[in-house]
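**Student:** Pasting in a structure now, in structure tokens, and then I'll have a few things to ask.
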Amino acid sequence: MKPDPRSREPRDSINKVAALRVLASVEDLLIAVLVFAIFCVVLAGILSRFVFHVSLSWNIEVSVTLMIWMTFIGIAVGVRDKVHVAFELFEDKLSGRWLALASFAQMLLMGFLLVALTWGGWQFMQLGLNQMTPSGIPQWISFAAIPAGSALGLLHLAAHAWDLAAHANLESAQHGHGHTETRTQ
């Protein structure tokens, strides 16, 4: 069973380290602000077209840019809250040392993906430094979401890996990386 992302159960290092708590709050606030901004931009486009009979030239580009940022920050939040894709098919059949190894393998695979996204996103952002959208928005602003969100995801993944390595009771581990519950004895 996946954890409820809205629950306020302890998130391991995220609740223990002040900087990670602040980062989690900033990410949550940023997601809320981005959702509200998308709503406002789309509403402005609708109102301008149907009420004032004027078409805005910038609202689609701005809303797409905000959506890109929301997506990549959302990926980091998903890693932070352990609600990302996991290999649960095998987790139910594993315990102890094997479950910890499977969790580390999942983290390693996800880490490779996030490193590739961070590196590739950085290079992609570099390509957009001297480009502008038709509305005059610098292209790198949209592209910067890729390395920013991926790097945040890497930070959260590293915190989860640290928790697993530092606090793993290998003989009594019940759930893998995709879960926040632990067995108590």
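No gaps in the numbering here: position 3 of the sequence shown is 3 in UniProt numbering, and each next residue is one more.
A virtual CB, placed ideally from N, CA and C, is assigned to each residue, including glycine.
Quick caveat: nothing in here was measured; it's all calculated off a predicted structure.
1) For Val79, count neighbouring C-beta atoms within 10 Å of its own C-beta (all shown protein chains included) and say buried if the count is 16 or more, exposed if not.
2) Relative to the alpha-carbon of Leu20, which residue among Val41, Leu94, Trp122 and Asp81 has its alpha-carbon at the smallest distance?
3) How about Trp69 and Leu34: do their beta carbons lie closer than 8 Å?
4) Of the residues Ala37, Met107 and Leu43, which one's Cα is nearest the Cα of Ala165?
5) Which runs of the beta strand (DSSP E) spanning at least 3 residues fall entirely within the stretch 102 to 144, listed in chain order?
6) With the cut-off set at 8 Å, would you say Val64 and Glu27 are in Cβ contact?
7) In whole angstroms, what separates the C-alpha of residue 188 from that of Gln139?
8) From Leu99 to Glu91, what distance separates their C-alpha atoms?
9) Below 8 Å, can you find three or more Cβ-Cβ pairs linking the stretch 107 to 118 to the stretch 34 to 47?
10) What three-state label does DSSP hand Val26 in the structure shown?
11) Please report the Cβ distance between Met125 and Ala144, rounded to the nearest whole angstrom; I am assuming they are in contact, meaning their Cβ atoms lie under 8 Å.
12) What is the DSSP secondary structure of Val83, counted as helix, strand or coil?
13) Taking just the CA atoms, how far does Leu66 sit from Ala151?
14) Could you tell me the distance, in whole angstroms, from the CA atom of Phe104 to the CA atom of Ala158?
15) Only counting the same chain, and skipping five residues up and downstream in sequence, which positions put a Cβ closer than 7 Å to that of Lys16?
16) Check Lys93 in the structure and name its three-state DSSP category.
17) Since Gly120 and Leu154 should fall inside the 8 Å C-beta cutoff, what is the C-beta to C-beta distance between them, to a whole number of angstroms?
**Tutor:** Based on what the coordinates show:
1) buried
2) Asp81
3) yes
4) Met107
5) none
6) no
7) Nothing about residue 188 can be reported from this structure: the residues present for the chain run from 1 to 185 only.
8) 6 Å
9) no
10) helix
11) 5 Å
12) coil
13) 18 Å
14) 11 Å
15) none
16) coil
17) The pair is not a contact, with the Cβ atoms about 13 Å apart (cut-off 8 Å).
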